[in-house]
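Worksheet for the structure shown next.
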Amino acid sequence: MKILAADTSTMTGSLALVEFNGNDDGTVLFEESITSQVTHSRRLLAHIDYLLKEIGLSISDVDGFVVGTGPGSFTGIRIGVTTFKSLAWGLRKPVKGIPSLDALARQFSFFRGLICPVVDARKKEFYWALYEGSGQGTVSRTTEYSVTSADLLITAIDDFEGEIVLCGNGCSVIGEYLTAELGGRVYKAPPEFNIIRAVHLAAAALPDFINNSTDDPVTLTPCYVRPSEAELANPDIKIPQSK
1 MKILAADTST MTGSLALVEF NGNDDGTVLF EESITSQVTH SRRLLAHIDY LLKEIGLSIS
61 DVDGFVVGTG PGSFTGIRIG VTTFKSLAWG LRKPVKGIPS LDALARQFSF FRGLICPVVD
121 ARKKEFYWAL YEGSGQGTVS RTTEYSVTSA DLLITAIDDF EGEIVLCGNG CSVIGEYLTA
181 ELGGRVYKAP PEFNIIRAVH LAAAALPDFI NNSTDDPVTL TPCYVRPSEA ELANPDIKIP
241 QSK
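The opening residue of the sequence shown carries number 1 in UniProt numbering; numbering runs sequentially from there.
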């Protein structure tokens with residue numbers, strides 16, 4: 001099974017094609033991450049087409065699609081989710097939405113302790129959730145997806161004992177502050193682990209493809225977490241989103 005995955009929730013977009021043989025670890029056929037100020041809408045489909053051609057495949061060779069649903073940039077998430085819903089619908093292929101924070105946390109599945117992916121939400125706020133790493137290749141989320149100030153994040157983390165790994169682009173903004181406030185039990189991930197990688201989205205979604213529990217391309221919705229600017233300006237507007 002060839003799964004095409006993408007995340008467009010931050011300025012660093014990620015695209016990958018992973019081939020799985022049953023429930024194995026998969027083979028990465030291609031992976032690309034690009035940081036740019038240009039919106040993902042101007043390059044996502046072009047990059048998909050280019051990378052598939054580079055390995056002698058076409059979009060019809062893809063067996064399923066996975067997209068990061070956020071939280072993060074409203075525009076970026078909307079572009080990724082809409083594009084992959086359209087591809088799945090048009091090609092009659094399955095699609096699965098995976099929260100982007102889950103992909104960040106998955107990188108530390110062999111760490112035993114608390115994992116806290118943090119994504120910059122601007123306005124001095126941060127998207128985050130807490131996960132428990134088993135140390136044996138799995139992670140489980142222990143909180144809701146949230147958006148708060150750094151101080152409220154510290155309060156939430158302080159309720160847990162043990163070592164903590166911080167990851168995500170929010171680390172470059174508040175990583176030092178969190179480390180100073182929470183002490184030596186907090187570790188900042190190296191920069192290469194702060195990128196939401198599409199390969200982790202594909203791996204996270206594999207059980208859903210195997211168990212035929214993918215999403216309806218019509219009703220698949222983003223995980224925005226907080227209201228959009230349009231909703232704040234017009235309270236009667238409600239934008240659907242996943243939980």
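Idealized CB from N, CA, C, for every residue including glycine.
The beta carbon of residue 168 lies closer than 7 Å to those of 104, 117, 118, 119 and 194 in the same chain, with the five residues before and after it left out. A distance below 6 Å between beta-carbons, with the five flanking residues on each side excluded, links residue 6 to the following residues of its chain, in chain order: 15, 67, 80 and 198. Under the DSSP assignment, residue 108 falls outside any alpha helix (DSSP H); it carries neither an H nor an E label. With a cutoff of 7 Å on beta-carbon distance, residue 189 and residue 165 are scored as near each other.
Residue burial is scored here from C-beta neighbours: residue 123 has fewer than 16 other C-beta atoms within 10 angstroms and is therefore classed as exposed. A contact between stretches requires three or more CB pairs, one per stretch, nearer than 8 Å, and the stretch 79-98 meets this requirement with the stretch 201-208. Taking each of 160, 54, 222 and 58 in turn and checking the Cα distance to residue 91, the smallest one comes out for 58.
Rounded to whole angstroms, residue 162 and residue 110 show a C-alpha spacing of 15 Å.
In this structure residue 72 is buried. Its beta-carbon is surrounded by 16 or more other beta-carbon atoms within 10 angstroms. With a cutoff of 7 Å on beta-carbon distance, residue 181 and residue 154 are scored as near each other. Residue range 164-167 is occupied by the beta strand (DSSP E) that includes residue 165. Distance check between residue 64 and each of 218, 219, 222 and 212 places 212 closest, using alpha-carbon atoms only. With contacts defined by Cβ atoms closer than 7 Å, residue 55 and residue 29 form a contacting pair.
Pairing residue 174 with residue 150 gives a Cβ-Cβ distance under 7 Å.
Beta-bridge pairing by DSSP links residue 117 to 167. The Cβ atoms of residue 26 and residue 20 sit closer than 7 Å to each other.
Counting of Cβ neighbours within 10 angstroms places residue 107 among the buried residues, the total reaching 16 or more.
In the structure shown, residue 78 adopts helical secondary structure according to DSSP, grouped into three states.
With fewer than 16 other CB atoms across the displayed protein chains lying within 10 angstroms of its CB, residue 191 is exposed.
Judged by DSSP secondary structure, residue 138 falls outside any beta strand (DSSP E); it is assigned neither H nor E.
Per DSSP, the beta-bridge partners of residue 126 are 120 and 148.
Beta-carbon to beta-carbon, residue 225 and residue 139 are separated by about 19 Å, too far to satisfy the 8 Å threshold.
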